[in-house]
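Residue numbering for the sequence shown follows the numbering used here, beginning at 34 and increasing consecutively. Step one of this worksheet: look at the structure below.
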Amino acid sequence: MKIFIDSANTEEVKKYIMWGLCQGVTTNPSICLKCGVKGGMEGIKKRTIEIARLINPLPVSAEVTSDDMEEVMAQAREYSRWAENIAIKITITDRQGNSLLPAIYKLTKEGISINVTTMLTFNQAILAARALKSGRERAFQKPKYSFISIFAGRISEEYGANHAFEVIKNVRDWLDFHKYEEIEIIVGSVRSQENVELWSRSGAHILTIPPEVLGKCLASARTKETVEQFIGDAKKAMEELGGGAQ
Ligand code: E4P
């Protein structure tokens, strides 16, 4: 399983690269806002390119700012020129629930990497996977990435974390059974360490984790206590050997 950083904060991304815990980055308009990205579309472009360079050749996902089919396609084509390692996030439907799969299929046929986002059900995920696979089969040059993003935290808010686990697991089983090797599940909207622990075992290819949650995953009072004990005993052992602690 890979870990992506769910953030547009370059300092946090840098930090987790250093920890060996960043195999990609996901952003969206709300994340950009929260991370203080200013200057509208130009600001989003600048920050996305910055992150793309930082993690190259790993993927960064950037989301279109519209749910109008024509605008979605125009923006996706434009974003895809910003850097080679950008996957364009497109919501599975528009605000009225109309399908955006025609754009997803067409752009994939054009060789553009798409991350189909805001999915909360098994059916949405397998239909997105099918559209991506159809697009890839007809693409002259295959996209580098094809992602399907399941918003497990939002599923949990309605049906509980175990139901979210079942949805992810069933989608993974379905992808494996039908040999959709080139489509990867990203589990998003991760809210806690407990979510990380549960959904890491669901079969997700990728968990995208906000920095504040990832940071807490190392926390354990007993680990701190144990390190304290080891350092103390190491000092004593060194003193007994007459070498002094390092
Ligand atoms: C994933 O790619 C999304 O950016 C993110 O996880 C959405 O989470 P939210 O439910 O916190 O908005």
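All C-beta atoms, glycine included, are put in the ideal place defined by N, C-alpha and C.
Rounded distance between the beta-carbons of residue j and residue i, thought under 8 Å
| i | j | result |
| --- | --- | --- |
| I119 | I147 | 10 Å between Cβ atoms; not a contact. |
| I125 | Q174 | With 8 Å as the limit, I125 and Q174 do not qualify as a contact, their Cβ atoms being about 24 Å apart. |
| R80 | A109 | So it is not a contact: roughly 18 Å between Cβ atoms. |
| A85 | A107 | That pair is no contact at about 20 Å. |
| I38 | C55 | 5 Å |
Distance between residue j and residue i (C-alpha atoms, nearest Å)
| i | j | result |
| --- | --- | --- |
| L208 | A164 | 13 Å |
| I9 | L231 | Nothing can be reported for residue 9: it is not among the residues displayed for the chain, which extend from 34 to 279. |
| V229 | L247 | 8 Å |
| Y112 | P62 | 14 Å |
| I50 | M152 | 28 Å |
| I218 | C68 | 25 Å |
| G72 | V97 | 16 Å |
| V260 | A252 | 13 Å |
Check: residue i C-beta below 6 Å from any heavy atom of the ligand E4P
| i | result |
| --- | --- |
| S222 | yes |
| F184 | yes |
| R187 | yes |
| T256 | no |
| T124 | no |
| T151 | no |
| D209 | no |
| T81 | no |
| T98 | no |
Under 7 Å between C-beta atoms of residue i and residue j
| i | j | result |
| --- | --- | --- |
| P92 | G144 | no |
| F263 | S235 | no |
| I123 | L133 | yes |
| A194 | V220 | no |
| Y138 | G168 | yes |
Within the region 46-107, note down every full alpha helix (DSSP H) run reaching 4 residues or more, in order along the chain. Contiguous alpha helix (DSSP H) elements confined to the region 46-107 occur at 62-67, 73-88, taking only those with 4 or more residues.
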